[in-house]
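Asker:
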Amino acid sequence: MGTLTEVIFSHKLGRAVAQGETVVVDVDRVMSHDTTTPLAIQAFRKLTNGGRVFDSQRSHIVFDHIVPAATIAAATLHRDVRAFAQEQDIGILQEGICHQVMPERGYVTPGDIIVGADSHTCTYGALGAFATGMGSTDIGVAYATGRAWFLIPPTINIHMTGRLPSGVYTKDVTFEMVRKVGVDGANYRAIEYTGELVEQMSVSERFTICNMAIEMGGKAGLVAPDATTQAWLRGRIDREYPMLAPCNPHYERVVEIDASELSPLIACPPDVNNVVPVEEVEQVKIDQVFLGTCTNGRLDDLAIAANIMRGKTLHPQTRMVVVPASREVYLEAMRLGYLETFIQAGASVGTPGCGPCIGRHYGVLAPGERALTTMNRNFTGRMGDPTAEIYLGSPATAAATALSGRITDPRNFL
Numbered sequence: 184m185g186t187l188t189e190v191i192f193s194h195k196l197g198r199a200v201a202q203g204e205t206v207v208v209d210v211d212r213v214m215s216h217d218t219t220t221p222l223a224i225q226a227f228r229k230l231t232n233g234g235r236v237f238d239s240q241r242s243h244i245v246f247d248h249i250v251p252a253a254t255i256a257a258a259t260l261h262r263d264v265r266a267f268a269q270e271q272d273i274g275i276l277q278e279g280i281c282h283q284v285m286p287e288r289g290y291v292t293p294g295d296i297i298v299g300a301d302s303h304t305c306t307y308g309a310l311g312a313f314a315t316g317m318g319s320t321d322i323g324v325a326y327a328t329g330r331a332w333f334l335i336p337p338t339i340n341i342h343m344t345g346r347l348p349s350g351v352y353t354k355d356v357t358f359e360m361v362r363k364v365g366v367d368g369a370n371y372r373a374i375e376y377t378g379e380l381v382e383q384m385s386v387s388e389r390f391t392i393c394n395m396a397i398e399m400g401g402k403a404g405l406v407a408p409d410a411t412t413q414a415w416l417r418g419r420i421d422r423e424y425p426m427l428a429p430c431n432p433h434y435e436r437v438v439e440i441d442a443s444e445l446s447p448l449i450a451c452p453p454d455v456n457n458v459v460p461v462e463e464v465e466q467v468k469i470d471q472v473f474l475g476t477c478t479n480g481r482l483d484d485l486a487i488a489a490n491i492m493r494g495k496t497l498h499p500q501t502r503m504v505v506v507p508a509s510r511e512v513y514l515e516a517m518r519l520g521y522l523e524t525f526i527q528a529g530a531s532v533g534t535p536g537c538g539p540c541i542g543r544h545y546g547v548l549a550p551g552e553r554a555l556t557t558m559n560r561n562f563t564g565r566m567g568d569p570t571a572e573i574y575l576g577s578p579a580t581a582a583a584t585a586l587s588g589r590i591t592d593p594r595n596f597l
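Numbering (our numbering), first residue to last: 184 to 597.
(1) Any contact of the segment 205–213 with the segment 311–327, i.e. 3+ C-beta pairs under 8 Å?
(2) May I have the straight-line CA-CA distance separating G279 from E511, to the nearest angstrom?
(3) Any contact of the segment 305–313 with the segment 403–414, i.e. 3+ C-beta pairs under 8 Å?
(4) Let me know if T591 comes out buried or exposed under the rule of 16 or more other beta-carbons within 10 Å of its beta-carbon.
(5) Rounded to whole angstroms, what's the CA-CA distance from P680 to W332? Just pull it up for me.
(6) Given the structure, does D295 come close to the ligand MG, in the sense that its CB is under 8 Å from one of the ligand's heavy atoms?
(7) Looking at the unbroken beta strand (DSSP E) that takes in D441, where does it start and where does it end?
(8) Please tell me whether L334 and Y371 are closer than 9 Å, where the distance is taken between their beta carbons.
(9) Only counting the same chain, and skipping five residues up and downstream in sequence, which positions put a Cβ closer than 6 Å to that of D321?
(10) Report the option in G538, V366, I273 and A256 whose CA atom is closest to the CA atom of P507.
(11) Determine, using beta carbons only, whether L276 and I244 come nearer to each other than 9 Å.
(12) Using a Cβ-Cβ distance cut-off of 9 Å, determine whether M395 contacts chain B.
(13) With a threshold of 16 other CB atoms inside 10 Å of the CB of D217, please say whether the residue is buried or exposed.
(14) How many angstroms separate the CA atom of A489 from the CA atom of M285?
(15) Mark E204 as exposed unless 16 or more other C-beta atoms lie within 10 angstroms of its C-beta, in which case mark it buried.
(16) Using a 10 Å radius around the Cβ and a threshold of 16 neighbouring Cβ atoms, would you call K559 buried or exposed?
(17) Once the 5 residues before and after L380 are set aside, which same chain residues still bring their CB inside 7 Å of it?
(18) Tell me which residue opens and which closes the beta strand (DSSP E) that H342 is part of.
(19) Taking the alpha-carbon positions, what's the M492 to L586 distance?
(20) For W332, which beta-bridge partners are listed by DSSP?
(21) Return the residue from the list V364, R417 and T357 that minimises the CA-CA distance to I392.
(22) Indicate whether G337 and I487 have their beta-carbon atoms separated by less than 9 Å.
(23) Tell me whether the beta-carbon of P447 lies closer than 9 Å to the beta-carbon of T580.
(24) I'd like the ranges of any alpha helix (DSSP H) spanning at least 4 consecutive residues and lying wholly in the segment 277–311.
(25) What does the alpha-carbon distance come out to for the pair V364 and F192?
(26) If you measure between the beta carbons of T557 and T476, is that distance less than 9 Å?
(27) Taking the runs of the beta strand (DSSP E) that are 3 residues or longer, which of them lie wholly in the segment 355–411?
(28) Tell me which residue opens and which closes the alpha helix (DSSP H) that I526 is part of.
(29) In chain order, what residues of the same chain lie with their CB nearer than 8 Å to the CB of V459, ignoring the 5 residues before and after it?
(30) Measuring alpha carbon to alpha carbon, tell me which of G368, R419 and G378 ends up nearest E287.
(31) Determine the direct distance from the alpha carbon of G318 to that of A223, and round the result to whole angstroms.
(32) Distance check for V438 and E444, CA to CA, integer angstroms please.
(33) Does DSSP put L196 in a helix, a strand or coil?
(34) For A253 versus Y545, is the C-beta distance shorter than 9 Å?
(35) Use the C-beta contact count for V207: other C-beta atoms within 10 angstroms, 16 or more gives buried, fewer gives exposed.
(36) Measure the beta-carbon distance from I397 to H303 and round it to whole angstroms, keeping in mind my assumption that it falls under 8 Å.
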């Protein structure tokens, strides 16, 4: 039948489809967040002239990028979006990052086709869904019609084998992945993750690798659902879903990654594929460490950092911001003592959401400052002043760096 993408679309349409074919399909969910919804509303109103969304129960608005509102402009934006949501009977989710909250709430299941007004919507592919980001205009149309058009993309297979050495984490694997493929090496390609390493990954780790698909230009990132997927979904959903899998797939390209050969990696500014071993940049002084985001703000990420930082304090010249990805993560991290560990070390713990990731809320960088973060992007100016530099690392590298005041190999603390 084909790749997982082809299988999902064939299942939805009730007929075989193949890459290169243009199709229009009914989508399962439509999502936008506080900064992308206003333009989607404009497109929706032009199309419907006062009409209603296709299904208020499958339309989702998430406040996560600037929550709580940090400026009058942000507060006004929130007010206007709330008015639209109330008019359309859409519930607003305000408990964390959209890409964490949507799966937690059971709004993502295997075989789904989901569109969202955020480029990292591809994260949901970790559960075996085809999920992709679109512009706000397309999302406005999807809110109105419940449909979207797609060119069925070719698929790149990233095959991951081996076991992670001590001090090496899934985030390091994603850096190797982006380094090998390139920031535009998968433009409008679906990326299918396979191999023994993927099979051993938790759902949280699968979220991390699928989240980074867009950093290679990918249209979607997917992992075929398995027993791990089913266990994670148990208790979150009460509806049936298909366990779809690729069948005799034709991949445009196969990229092999042997995790056992990796060491801790750093993505240096200004591009995610500017990847080097941590020892090459170990003396770089860091002003701020940020632990969080839709890539690495989940419970296991916080646990990794907390275990390194327990009983220690931040370097006096380095500040740290920790932002759990969702309320669910926040509460469990609080119960397990992780947040107390961070606070006692001298870190600030923020409201679940995107936090400093987009440089529009808090934790912004001053001219010439450097940050080490667990984010997915290190573009110039993303966290504040355009002369500031952003380095990307794993949660373990972030914790070690916060304690040392410079980029540090996490193996020194293990």
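Built from N, CA and C at the ideal position, the CB exists for glycine as well.
Answerer: Result, derived from the coordinates:
(1) yes
(2) 9 Å
(3) yes
(4) Buried, because 16 or more other Cβ atoms sit within 10 Å of the Cβ of T591.
(5) Nothing about residue 680 can be reported from this structure: the residues present for the chain run from 184 to 597 only.
(6) For the structure depicted, the ligand MG is absent and the ligand set is empty, with no information on it obtainable.
(7) R436 to D441
(8) yes
(9) none
(10) G538
(11) yes
(12) No chain B is present in this structure, which holds just one protein chain.
(13) For D217, the number of other beta carbons within 10 angstroms of its own is at least 16, and it is reported as buried.
(14) 26 Å
(15) exposed
(16) This sequence places Asn at residue 559; Lys is not what is there. Result: buried.
(17) Correct list, in chain order: M343, T344, G345 and A442.
(18) T338 to T344
(19) 7 Å
(20) V207
(21) When only C-alpha atoms are compared, the closest one is T357.
(22) Note on identity: in this sequence residue 337 is Pro, with Gly being the wrong assignment. Against a cut-off of 9 Å, the Cβ pair of I487 and P337 comes out as no contact.
(23) yes
(24) 281–287
(25) 25 Å
(26) yes
(27) 373–377 and 403–405
(28) Y521 to A528
(29) L448, I449 and C451
(30) R419
(31) Approximately 8 Å, taken between the alpha carbons.
(32) If I take the Cα positions, the gap works out to 15 Å.
(33) helix
(34) yes
(35) exposed
(36) 6 Å between Cβ atoms; contact.
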